[in-house]
Amino acid sequence: MPPPRWQADKWIELNCADNVASGLGLWFLEDDTQRLAGCVALEPDSRPRTDELIYLLHPEYWGQGLATQMSWTVVERVFRERLLDQIVAGANGPNEASVAVMSRLGMKYLHAVRYPLGPGVEYVLQHDDPKPTPLLEALS
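Spelled out as structure tokens, the structure:
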């Protein structure tokens, strides 16, 4: 279930400020009518040269590989430009689709975590880890 609009607006506002300071970014995916379909963000993490990958996709676009493609576009860029050494991502326990996205990105299970909504998992991808197979294409 997508978050309420006010919560999404606040998240975008906070991320824009953080991303200007870090030189990274917040990326949006629009459909053919320029309607917001999804977004990807990198949020600062407590570990050095590490950010957390966050991806959101409107349910209308689920199951098309767009979350993986959007995320890979960002991961490939920050690693190519050596902006980060590693990227982490997490998912709430029952969110099998997010775990599948992390696996397709080549991320490896790191550990179990406890989120405010319950148990979850965290995955990690290092700069020097092998590229996913089959190779993913970045969005333009």
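Numbering (the working numbering), first residue to last: 1 to 140.
All residues carry an ideal CB built from backbone N, CA and C; glycine is no exception.
Proximal residues to residue 109 (C-beta, below 7 Å), its chain only, five neighbours per side dropped: Counting from 1 along the sequence shown, the entry for residue 109 is found at position 109. If we look at residue 109 and ignore the five residues flanking it on each side, its Cβ neighbours are 121, 123.
Proximity of residue 40 and residue 55 at Cβ, strictly below 7 Å: As a first step, residue 40 must be located in the sequence shown, where it is residue number 40. As a first step, residue 55 must be located in the sequence shown, where it is residue number 55. A contact, by the Cβ cut-off of 7 Å.
Nearest candidate by alpha-carbon position, reference residue 77, set 103, 10, 131, 11: On the sequence shown, residue 77 is found 77 positions in, with the first residue counted as 1. Selected option, being the one with the closest Cα: 131.
Whole-angstrom distance between residue 137 and residue 43, CA atom to CA atom: Here residue 43 corresponds to residue number 43 of the sequence shown, with the count starting at 1. Here residue 137 corresponds to residue number 137 of the sequence shown, with the count starting at 1. In a straight line, the C-alpha of residue 43 is about 23 Å away from that of residue 137.
Residue 45 versus residue 31: straight-line alpha-carbon distance, rounded: On the sequence shown, position 45 is the one that residue 45 refers to. On the sequence shown, position 31 is the one that residue 31 refers to. When rounded, the distance between both Cα atoms is 30 Å.
Cβ-Cβ distance between residue 73 and residue 104 below 7 Å: For the purposes of this step, residue 73 is taken as residue 73 along the sequence shown, with counting starting at 1. For the purposes of this step, residue 104 is taken as residue 104 along the sequence shown, with counting starting at 1. Taking the C-beta atoms as reference points, residue 104 is found no nearer than 7 Å to residue 73.
Residue environment, residue 26, which counts as buried when at least 16 other CB atoms sit within 10 Å: Residue numbering aside, residue 26 sits at position 26 when the sequence shown is read from its first letter. Per the 10 Å Cβ criterion, buried.
Residue range of the beta strand (DSSP E) that includes residue 30: As a first step, residue 30 must be located in the sequence shown, where it is residue number 30. Boundaries of the beta strand (DSSP E) harbouring residue 30: 26-30, taken from the DSSP string.
Terminal residues of the beta strand (DSSP E) in which residue 50 lies: Here residue 50 corresponds to residue number 50 of the sequence shown, with the count starting at 1. That run of the beta strand (DSSP E) goes 50-57.
Close-in-space but distant-in-sequence residues of the same chain around residue 38 (CB under 8 Å, 5 per side omitted): On the sequence shown, residue 38 is found 38 positions in, with the first residue counted as 1. For residue 38, the CB contacts under 8 Å within the same chain, skipping 5 residues up- and downstream, are 28, 29, 55, 56, 57, 58, 61, 66, 67, 70 in chain order.
Pair within 7 Å by beta-carbon distance, residue 99 and residue 87: On the sequence shown, position 99 is the one that residue 99 refers to. On the sequence shown, position 87 is the one that residue 87 refers to. It is not a contact, given that the beta carbons lie outside the stated cut-off.
Buried/exposed call for residue 97, threshold 16 Cβ in 10 Å: Counting from 1 along the sequence shown, the entry for residue 97 is found at position 97. Under a 10 Å Cβ-count criterion, residue 97 is classified as exposed, with fewer than 16 other Cβ atoms of the shown protein chains found around its own Cβ.
Nearest neighbour of residue 106, chosen from 84, 129, 113, 119 [CA to CA]: Counted from its first residue, the sequence shown places residue 106 at position 106. Nearest C-alpha to residue 106: 129.
For residue 43, the first and last residue of its enclosing beta strand (DSSP E): Walking along the sequence shown from the start, residue 43 turns up at place 43. For residue 43, the uninterrupted beta strand (DSSP E) segment begins and ends at 36-44.
Contacts around residue 127, its chain only, beta-carbon distance under 6 Å, and the 5 residues preceding and following it disregarded: Within the sequence shown, residue 127 is the residue found at index 127, counting from 1. Same-chain partners within the cutoff: 79, 85.
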